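Asks:
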Amino acid sequence: MFSVYFWIGFVAFVLVMLAIDLGVLNKKPKEPKFKEVFFLTIFWMILAFLFGGLIYAYAGSQKAMEFITGYLVELSLSVDNVFVFVLLFNYFKVDIKYQHRVLFWGIVGAIIMRFLMITGGIYLVQHFQWIFYLFGAFLIFSAYKIAFSESEEVEIEDNKLIKFLKRYLRVTDKYHGDKFIVMEKGKRVFTPLFVLLILVEQSDLIFAMDSIPAILAITQDAFIVFTSNIFAILGLRSLYFLLAKVVHKFVYLKYGLSVILAYIGTKMILLVQGVHIPTSLSLGVIILSILVSVVLSLNKAKKIQ
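Below, the structure is given as structure tokens:
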């Protein structure tokens, strides 16, 4: 349905926005201000809904609803990613003014990874319908893990990837501003910021294992899947800086995410049985799950204060 011109136009849009971000808005390292990241977060959300309006005008209400639903699924699951980012940045003790650079290049890598994973995922569901059982069961298992995990700590000290990088690469213990690679004693060495970047990529890869099967339960339209994912990812940087200091207060959010994953996992399994759940119902479940968990979390935080 979506021609190659839509793909070219969207990729060009993403490249322009990334160029403006790095080359104009964040040319020099700086500490993001709350007001700035708040409006940036709103800006990305408005852009996403405007894009949904464009899809509505071209392809109709069903495709537009699939895009918005996919976008909200990805955005809600991104909050869990924010929690991991907070732990990583705290562990590496990275100055806040250098964190944007790590997230920027992390997101560039995430876009490439998502494209490859989405392409592979769509191929699998189109050629092997039984894969829906596997994806559905995986999402239900992920929902169980999120809801009933006693600890939200992420093992960083014993991370095998860190050990691998330090074993096979020259990694210095010193930070050099926002540099990933520097010269020391005539040799090229990697800074801790580079190791952190790789861990950010690893984190996104792990979370993509949930989010991509989830959106494939909503639609298998490659353009809708890719664009909804990318819009959520592009807004992830400002969302991180907005939520970094308060994400721990959303104590019930994990239950909301768990409900979303369990619902979508069940939807995938039923899909193979010929039971089609309307996208409008899925959108309602997602919005309600997020709202209820956020409101309950804010009420609890208010009582504690």
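Letter by letter, the sequence shown follows residues -4 to 300 in my numbering. Think of the CB as a built atom: it goes at the ideal place given N, C-alpha and C, for glycine as much as any other residue. These numbers come from a predicted model, not from an experiment.
(1) Which partner residues does residue 184 have in the DSSP bridge list?
(2) In three-state DSSP terms, what is residue 270?
(3) Is it true that the CB of residue 251 sits closer than 8 Å to the CB of residue 284?
(4) Which first and last residues belong to the alpha helix (DSSP H) in which residue 220 is found?
(5) Return the CA-CA distance between residue 52 and residue 167, expressed in angstroms with no decimal places.
(6) Report the option in 237, 253 and 225 whose CA atom is closest to the CA atom of residue 141.
(7) If residue 26 sits next to residue 91, beta carbons under 8 Å apart, how far is it from one beta carbon to the other, in whole angstroms?
(8) Comparing alpha-carbon positions, which option in 258, 268 and 291 lies nearest residue 124?
(9) Okay, do the segment 203 to 218 and the segment 56 to 68 touch, 3+ Cβ pairs below 8 Å being the bar?
(10) Taking the beta carbon of residue 273 as the centre, do at least 16 other beta carbons fall within 10 Å, making it buried, or is it exposed?
(11) Evaluate residue 0 with the Cβ neighbour count: other Cβ atoms within 10 Å of its Cβ, from every protein chain shown; 16 or more gives buried, anything less gives exposed.
(12) So residue 289 packs on residue 234, CB below 8 Å; how close in whole Å?
(13) Using 8 Å as the threshold, is the segment 189 to 204 in touch with the segment 32 to 49, meaning 3 or more CB pairs across them?
(14) Mark residue 307 as exposed unless 16 or more other C-beta atoms lie within 10 angstroms of its C-beta, in which case mark it buried.
(15) Going by Cα to Cα distance, which pick from 278, 259, 280 and 77 is closest to residue 270?
(16) Terminal residues of the continuous alpha helix (DSSP H) containing residue 247?
(17) In this structure, what does DSSP give as the bridge partners for residue 79?
(18) Could you check where the alpha helix (DSSP H) with residue 332 kicks off and where it finishes?
(19) One question on the structure: do residue 239 and residue 81 come within less than 8 Å of each other, judged by their Cβ atoms?
(20) Can you tell me whether residue 224 is buried or exposed? The criterion is at least 16 other CB atoms within 10 Å of its CB, across all chains shown.
(21) With burial defined as no fewer than 16 other Cβ atoms inside 10 Å of the residue's Cβ, what is the status of residue 94: buried or exposed?
(22) Leaving out five residues before and five after residue 280 in sequence, what residues of the same chain have Cβ atoms less than 6 Å from its Cβ?
(23) Return the chain-ordered list of same chain residues with a C-beta closer than 8 Å to the C-beta of residue 57, the five sequence neighbours on each side being excluded.
(24) Using alpha carbons as the reference points, say which of 111, 108, 109 and 84 lies closest to residue 98.
(25) Compute the Euclidean distance between the alpha carbons of residue 15 and residue 111, then round it to the nearest angstrom.
(26) Taking 8 Å as the threshold (beta carbon to beta carbon), is residue 14 in contact with chain D?
(27) Helix, strand or coil: which one does DSSP assign to residue 89?
Replies: Straight from the coordinates:
(1) The residue labelled residue 184 in the question sits at position 189 within the sequence shown. Answer is 177.
(2) On the sequence shown, residue 270 is found 275 positions in, with the first residue counted as 1. Residue 270 falls in the coil class under three-state DSSP.
(3) Taking the sequence shown and counting its residues from 1, one reaches residue 284 at position 289. Taking the sequence shown and counting its residues from 1, one reaches residue 251 at position 256. Yes, the pair counts as a contact, with Cβ atoms nearer than the cut-off.
(4) The residue you call residue 220 lines up with position 225 of the sequence shown. In this chain, the alpha helix (DSSP H) harbouring residue 220 covers 217 to 229.
(5) Here residue 52 is taken as the residue at index 57 of the sequence shown, counted from 1. Here residue 167 is taken as the residue at index 172 of the sequence shown, counted from 1. Spanning the two alpha carbons is a distance of roughly 53 Å.
(6) By 1-based counting over the sequence shown, the position of residue 141 is 146. If we check each option's Cα against that of residue 141, 253 comes out closest.
(7) For this step, residue 26 is matched to residue 31 along the sequence shown. For this step, residue 91 is matched to residue 96 along the sequence shown. About 5 Å separates the CB atoms of residue 26 and residue 91; that is less than 8 Å, so the two are in contact.
(8) Within the sequence shown, the letter at position 129 stands for residue 124. Taking only the C-alpha atoms, the option nearest residue 124 is 268.
(9) Output reads yes: the segment 56 to 68 touches the segment 203 to 218.
(10) Counted from its first residue, the sequence shown places residue 273 at position 278. By the neighbour-count rule (16 or more Cβ atoms within 10 Å), residue 273 is not buried but exposed.
(11) Residue numbering aside, residue 0 sits at position 5 when the sequence shown is read from its first letter. So residue 0 ends up on the exposed side.
(12) The residue you call residue 289 lines up with position 294 of the sequence shown. The residue you call residue 234 lines up with position 239 of the sequence shown. Incorrect: roughly 14 Å between the Cβ atoms, too far for contact.
(13) Short answer: they don't touch.
(14) Residue 307 is absent from the structure shown; the chain starts at -4 and stops at 300.
(15) Here residue 270 is taken as the residue at index 275 of the sequence shown, counted from 1. When the alpha-carbon of residue 270 is set against those of 278, 259, 280 and 77, the nearest one is in 259.
(16) Here residue 247 corresponds to residue number 252 of the sequence shown, with the count starting at 1. Element bounds for residue 247: n/a, residue is neither H nor E.
(17) Position 84 of the sequence shown holds residue 79. Bridge partners of residue 79: none, in fact.
(18) With the chain covering only -4 through 300, there is no way to say anything about residue 332.
(19) For this step, residue 239 is matched to residue 244 along the sequence shown. For this step, residue 81 is matched to residue 86 along the sequence shown. A distance below 8 Å separates the beta carbons of residue 239 and residue 81.
(20) Residue numbering aside, residue 224 sits at position 229 when the sequence shown is read from its first letter. Classification for residue 224: buried.
(21) On the sequence shown, position 99 is the one that residue 94 refers to. So residue 94 ends up on the buried side.
(22) Sequence index remark: in the sequence shown, residue 280 carries index 285 (1-based). Cβ neighbours of residue 280 beyond the five flanking positions: 258.
(23) Taking the first residue of the sequence shown as 1, we reach residue 57 at position 62. The residues are 274.
(24) Residue mapping note: residue 98 aligns to position 103 of the sequence shown, counting from 1. Distance from the Cα of residue 98 is smallest, within the candidate group 111, 108, 109 and 84, for 84.
(25) Here the question's residue 15 lines up with position 20 in the sequence shown. Here the question's residue 111 lines up with position 116 in the sequence shown. Here the C-alpha atom of residue 15 lies approximately 25 Å from the C-alpha atom of residue 111.
(26) Here chain D cannot be found, since the structure has a single protein chain.
(27) The count along the sequence shown starts at 1 and reaches residue 89 at position 94. If DSSP states are grouped into helix, strand and coil, residue 89 belongs with coil.
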